[in-house]
Amino acid sequence: MKRATASTRAWISAASARKPGWTARATGWCSVQTVVPTAATAIDARVTASARSRTSTLASFLAGVERRALRIAQLGTGGDADEALDCVQESMIQLARHYADHDPAEWPPLFYRILDNRLRKWRYKQLLRGRWLGQRQFDNEDEEESALERLPAPESERPETLVAGAQVRQRLRRALQNLPHRQRQAFLLRHWEGLSTSETAQAMACSEGSVKTHLSRAISALQSLLAQEGLQA
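Going by this note's numbering, the residue at position 217 of the sequence shown is 212; the numbering climbs one at a time, nothing skipped.
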(Lines of atoms letter the chains of each structure in order from A and count residues from 1; the text may use other names and numbers.)
(Lines give C-alpha, C1' and ligand atoms only; values in the text may rest on other atoms or scores of the structure.)
Protein backbone atom coordinates (compact mmCIF):
# COMPACT_ATOMS: atom_id res chain seq x y z
CA MET A 1 0.00 0.00 0.00
CA LYS A 2 1.40 3.39 -0.96
CA ARG A 3 2.05 6.03 1.68
CA ALA A 4 0.25 9.33 1.40
CA THR A 5 2.76 11.98 0.40
CA ALA A 6 3.31 15.30 2.15
CA SER A 7 2.14 17.08 -0.98
CA THR A 8 -1.18 15.26 -0.68
CA ARG A 9 -1.84 16.90 2.68
CA ALA A 10 -0.54 20.27 1.52
CA TRP A 11 -2.99 20.21 -1.35
CA ILE A 12 -6.05 19.84 0.90
CA SER A 13 -6.23 23.46 2.02
CA ALA A 14 -5.86 24.73 -1.54
CA ALA A 15 -8.61 22.41 -2.77
CA SER A 16 -10.92 23.48 0.05
CA ALA A 17 -10.30 27.13 -0.75
CA ARG A 18 -11.50 26.63 -4.32
CA LYS A 19 -14.55 24.56 -3.50
CA PRO A 20 -14.75 22.23 -0.49
CA GLY A 21 -14.84 18.62 -1.50
CA TRP A 22 -13.99 19.10 -5.18
CA THR A 23 -10.93 19.52 -7.33
CA ALA A 24 -10.57 21.42 -10.56
CA ARG A 25 -11.50 19.50 -13.67
CA ALA A 26 -8.61 18.04 -15.61
CA THR A 27 -7.94 16.16 -18.80
CA GLY A 28 -5.98 12.96 -19.23
CA TRP A 29 -4.69 10.95 -16.29
CA CYS A 30 -4.65 12.73 -12.94
CA SER A 31 -1.98 12.52 -10.28
CA VAL A 32 -2.55 11.60 -6.67
CA GLN A 33 -2.53 15.29 -5.78
CA THR A 34 -5.63 15.92 -7.90
CA VAL A 35 -7.85 13.12 -6.60
CA VAL A 36 -6.83 11.75 -3.22
CA PRO A 37 -6.94 15.11 -1.34
CA THR A 38 -10.62 15.46 -2.23
CA ALA A 39 -11.46 12.33 -0.31
CA ALA A 40 -8.91 13.18 2.37
CA THR A 41 -10.79 16.44 2.98
CA ALA A 42 -13.97 14.47 3.59
CA ILE A 43 -12.11 12.17 5.95
CA ASP A 44 -10.58 15.00 7.98
CA ALA A 45 -13.97 16.65 8.44
CA ARG A 46 -15.29 13.56 10.19
CA VAL A 47 -12.52 12.40 12.47
CA THR A 48 -10.88 13.50 15.69
CA ALA A 49 -7.19 13.73 16.46
CA SER A 50 -7.28 10.20 17.90
CA ALA A 51 -8.33 8.84 14.50
CA ARG A 52 -5.55 10.45 12.44
CA SER A 53 -3.79 7.14 11.97
CA ARG A 54 -6.84 5.60 10.29
CA THR A 55 -7.23 8.74 8.20
CA SER A 56 -3.67 8.36 6.98
CA THR A 57 -4.25 4.68 6.24
CA LEU A 58 -7.35 5.42 4.17
CA ALA A 59 -5.60 8.24 2.33
CA SER A 60 -2.78 5.82 1.52
CA PHE A 61 -5.27 3.28 0.21
CA LEU A 62 -6.89 5.88 -2.03
CA ALA A 63 -3.47 6.97 -3.28
CA GLY A 64 -2.77 3.38 -4.24
CA VAL A 65 -5.94 2.85 -6.29
CA GLU A 66 -6.56 6.26 -7.83
CA ARG A 67 -4.81 5.74 -11.18
CA ARG A 68 -6.41 2.36 -11.84
CA ALA A 69 -9.78 3.67 -10.70
CA LEU A 70 -9.50 6.55 -13.16
CA ARG A 71 -8.76 4.12 -15.97
CA ILE A 72 -11.76 1.99 -15.09
CA ALA A 73 -13.90 5.12 -14.86
CA GLN A 74 -12.76 6.24 -18.29
CA LEU A 75 -13.77 2.84 -19.65
CA GLY A 76 -17.21 3.42 -18.18
CA THR A 77 -17.66 6.98 -19.41
CA GLY A 78 -16.61 6.54 -23.01
CA GLY A 79 -13.21 8.13 -22.46
CA ASP A 80 -14.55 11.33 -20.86
CA ALA A 81 -11.75 12.36 -18.48
CA ASP A 82 -13.83 14.98 -16.65
CA GLU A 83 -16.75 12.66 -15.99
CA ALA A 84 -14.37 9.87 -14.99
CA LEU A 85 -12.67 12.17 -12.48
CA ASP A 86 -16.04 13.16 -11.01
CA CYS A 87 -17.06 9.51 -10.59
CA VAL A 88 -13.79 8.62 -8.87
CA GLN A 89 -13.97 11.65 -6.57
CA GLU A 90 -17.55 10.89 -5.58
CA SER A 91 -16.68 7.25 -4.92
CA MET A 92 -13.67 8.17 -2.78
CA ILE A 93 -15.72 10.66 -0.78
CA GLN A 94 -18.50 8.13 -0.21
CA LEU A 95 -16.00 5.53 0.97
CA ALA A 96 -14.44 8.09 3.33
CA ARG A 97 -17.75 9.23 4.74
CA HIS A 98 -19.41 5.88 5.26
CA TYR A 99 -16.69 3.23 5.52
CA ALA A 100 -13.63 4.90 7.06
CA ASP A 101 -14.16 2.93 10.27
CA HIS A 102 -14.33 -0.43 8.49
CA ASP A 103 -11.51 -2.94 8.39
CA PRO A 104 -9.01 -1.73 5.74
CA ALA A 105 -9.19 -5.19 4.17
CA GLU A 106 -12.81 -4.41 3.27
CA TRP A 107 -12.01 -1.17 1.45
CA PRO A 108 -11.02 -2.56 -2.00
CA PRO A 109 -14.29 -4.39 -2.77
CA LEU A 110 -16.34 -1.64 -1.13
CA PHE A 111 -14.64 1.05 -3.19
CA TYR A 112 -15.00 -0.76 -6.50
CA ARG A 113 -18.65 -1.52 -5.79
CA ILE A 114 -19.28 2.16 -5.09
CA LEU A 115 -17.42 3.12 -8.26
CA ASP A 116 -19.36 0.61 -10.35
CA ASN A 117 -22.65 1.98 -9.00
CA ARG A 118 -21.54 5.51 -9.85
CA LEU A 119 -20.70 4.49 -13.40
CA ARG A 120 -24.04 2.72 -13.78
CA LYS A 121 -25.86 5.87 -12.65
CA TRP A 122 -23.79 7.96 -15.05
CA ARG A 123 -24.67 5.73 -18.01
CA TYR A 124 -28.34 5.78 -17.03
CA LYS A 125 -28.36 9.58 -16.94
CA GLN A 126 -26.76 9.70 -20.37
CA LEU A 127 -29.46 7.39 -21.66
CA LEU A 128 -32.17 9.63 -20.23
CA ARG A 129 -30.58 12.62 -21.92
CA GLY A 130 -30.73 10.80 -25.22
CA ARG A 131 -27.00 10.93 -25.85
CA TRP A 132 -26.64 7.21 -26.48
CA LEU A 133 -30.08 6.34 -27.85
CA GLY A 134 -28.54 5.46 -31.19
CA GLN A 135 -26.18 2.97 -29.61
CA ARG A 136 -26.98 -0.74 -30.00
CA GLN A 137 -26.24 -1.43 -26.30
CA PHE A 138 -23.89 -0.27 -23.55
CA ASP A 139 -21.85 -3.47 -23.59
CA ASN A 140 -20.72 -2.90 -27.16
CA GLU A 141 -20.07 0.83 -27.04
CA ASP A 142 -16.63 2.23 -27.71
CA GLU A 143 -15.74 2.73 -24.03
CA GLU A 144 -12.38 1.03 -23.91
CA GLU A 145 -10.57 2.91 -26.66
CA SER A 146 -9.29 5.89 -24.70
CA ALA A 147 -7.96 3.96 -21.70
CA LEU A 148 -6.46 1.09 -23.65
CA GLU A 149 -4.69 3.52 -25.95
CA ARG A 150 -2.79 4.56 -22.82
CA LEU A 151 -1.32 1.15 -22.11
CA PRO A 152 2.48 1.34 -21.70
CA ALA A 153 4.35 1.64 -24.96
CA PRO A 154 6.77 -1.13 -26.01
CA GLU A 155 10.28 -0.83 -24.61
CA SER A 156 11.74 -0.77 -28.08
CA GLU A 157 11.37 2.49 -29.96
CA ARG A 158 11.84 0.95 -33.40
CA PRO A 159 9.01 2.11 -35.71
CA GLU A 160 8.00 -1.42 -36.70
CA THR A 161 7.75 -2.43 -33.02
CA LEU A 162 5.68 0.62 -32.15
CA VAL A 163 3.30 -0.10 -35.01
CA ALA A 164 2.93 -3.72 -33.89
CA GLY A 165 2.23 -2.60 -30.30
CA ALA A 166 -0.47 -0.20 -31.46
CA GLN A 167 -2.08 -2.97 -33.47
CA VAL A 168 -2.10 -5.28 -30.45
CA ARG A 169 -3.76 -2.61 -28.29
CA GLN A 170 -6.32 -1.96 -31.00
CA ARG A 171 -7.17 -5.66 -31.23
CA LEU A 172 -7.36 -5.96 -27.46
CA ARG A 173 -9.71 -2.98 -27.38
CA ARG A 174 -11.99 -4.63 -29.91
CA ALA A 175 -11.97 -7.88 -27.96
CA LEU A 176 -12.79 -6.16 -24.66
CA GLN A 177 -15.55 -4.02 -26.09
CA ASN A 178 -17.30 -7.16 -27.33
CA LEU A 179 -17.45 -8.64 -23.83
CA PRO A 180 -20.75 -8.27 -21.95
CA HIS A 181 -20.52 -5.82 -19.06
CA ARG A 182 -20.48 -8.42 -16.27
CA GLN A 183 -17.81 -10.52 -17.98
CA ARG A 184 -15.66 -7.46 -18.59
CA GLN A 185 -16.15 -6.34 -14.99
CA ALA A 186 -15.10 -9.73 -13.61
CA PHE A 187 -12.07 -9.83 -15.88
CA LEU A 188 -10.88 -6.32 -14.98
CA LEU A 189 -11.36 -6.74 -11.24
CA ARG A 190 -9.65 -10.13 -11.08
CA HIS A 191 -6.84 -9.69 -13.60
CA TRP A 192 -6.37 -5.90 -13.69
CA GLU A 193 -7.10 -4.94 -10.08
CA GLY A 194 -5.94 -8.23 -8.60
CA LEU A 195 -8.96 -8.69 -6.33
CA SER A 196 -9.63 -12.14 -4.95
CA THR A 197 -12.69 -14.10 -6.02
CA SER A 198 -14.38 -13.21 -2.74
CA GLU A 199 -13.57 -9.50 -3.08
CA THR A 200 -14.72 -9.47 -6.70
CA ALA A 201 -18.00 -11.10 -5.68
CA GLN A 202 -18.54 -8.39 -3.08
CA ALA A 203 -17.71 -5.64 -5.56
CA MET A 204 -20.07 -7.12 -8.16
CA ALA A 205 -22.79 -7.93 -5.60
CA CYS A 206 -23.00 -11.56 -6.69
CA SER A 207 -21.86 -15.00 -5.55
CA GLU A 208 -18.33 -16.32 -5.95
CA GLY A 209 -19.73 -18.95 -8.28
CA SER A 210 -21.11 -16.22 -10.53
CA VAL A 211 -17.73 -14.48 -10.57
CA LYS A 212 -16.03 -17.69 -11.65
CA THR A 213 -18.63 -18.21 -14.36
CA HIS A 214 -18.32 -14.65 -15.69
CA LEU A 215 -14.53 -14.83 -15.58
CA SER A 216 -14.38 -18.19 -17.33
CA ARG A 217 -16.67 -16.97 -20.08
CA ALA A 218 -14.69 -13.73 -20.42
CA ILE A 219 -11.38 -15.57 -20.80
CA SER A 220 -12.90 -18.01 -23.28
CA ALA A 221 -14.43 -15.18 -25.31
CA LEU A 222 -11.19 -13.19 -25.28
CA GLN A 223 -9.18 -16.20 -26.39
CA SER A 224 -11.60 -16.79 -29.25
CA LEU A 225 -11.73 -13.15 -30.30
CA LEU A 226 -7.98 -12.67 -30.12
CA ALA A 227 -7.40 -15.92 -31.99
CA GLN A 228 -9.51 -14.52 -34.79
CA GLU A 229 -7.20 -11.50 -34.76
CA GLY A 230 -4.15 -13.74 -34.99
CA LEU A 231 -3.13 -13.24 -31.33
CA GLN A 232 -3.05 -15.38 -28.21
CA ALA A 233 -4.72 -14.39 -24.92
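Beta carbons are placed, not taken as given, at the ideal position from N, Cα and C, and that holds for glycine.
S215: first and last residue of the uninterrupted alpha helix (DSSP H) it sits in: Stepping through the sequence shown from its first residue, residue 215 is reached at position 220. E203 to Q223 is the span of the alpha helix (DSSP H), which, as asked, contains S215.
Run of the alpha helix (DSSP H) containing H93, from where it starts to where it stops: Position 98 of the sequence shown, counted from the first residue, corresponds to residue 93. That run of the alpha helix (DSSP H) goes A76 to Y94.
Tell me whether the segment 105 to 114 and the segment 201 to 221 touch, counting them as touching only if at least three CB pairs, one residue from each stretch, are closer than 8 Å. no
Please report the Cβ distance between L190 and P104, rounded to the nearest whole angstrom; I am assuming they are in contact, meaning their Cβ atoms lie under 8 Å. Within the sequence shown, residue 190 is the residue found at index 195, counting from 1. Within the sequence shown, residue 104 is the residue found at index 109, counting from 1. Right, the Cβ-Cβ distance comes to about 7 Å (below 8 Å), so this counts as a contact.
Can the beta-carbon of A170 be found closer than 9 Å to that of L221? In the sequence shown, counting from the first residue as 1, residue 170 sits at position 175. In the sequence shown, counting from the first residue as 1, residue 221 sits at position 226. For A170 and L221, yes; Cβs fall inside 9 Å.
Contacts around W102, its chain only, beta-carbon distance under 8 Å, and the 5 residues preceding and following it disregarded: As a first step, residue 102 must be located in the sequence shown, where it is residue number 107. Answer for W102: L53, F56, L90 and Y94, listed in chain order.
To the nearest whole angstrom, what separates the beta carbons of L273 and T72, a pair I think is in contact under 8 Å? Summary: the structure shown does not reach residue 273, with the chain confined to residues -4 through 228, and so no result is reported for it.
Between P99, H176 and C82, which lies nearest to K120 when the distance is taken from Cα to Cα? Along the sequence shown, one-based indexing puts residue 120 at 125. The candidate whose alpha carbon is nearest that of K120 is C82.
Please state the DSSP three-state secondary structure of T72. Here residue 72 refers to the residue found at position 77 when the sequence shown is read from its first residue. If DSSP states are grouped into helix, strand and coil, T72 belongs with coil.
For D98, name the three-state secondary structure that DSSP assigns. If you number the sequence shown from 1, residue 98 lands on position 103. It is coil, neither helix nor strand.
Between H186, R177, I88 and L167, which lies nearest to R63 when the distance is taken from Cα to Cα? Here residue 63 refers to the residue found at position 68 when the sequence shown is read from its first residue. Nearest of H186, R177, I88 and L167 to R63, Cα basis: H186.
Span of the alpha helix (DSSP H) holding E194? On the sequence shown, residue 194 is found 199 positions in, with the first residue counted as 1. Note, E194: alpha helix (DSSP H), T192 to M199.
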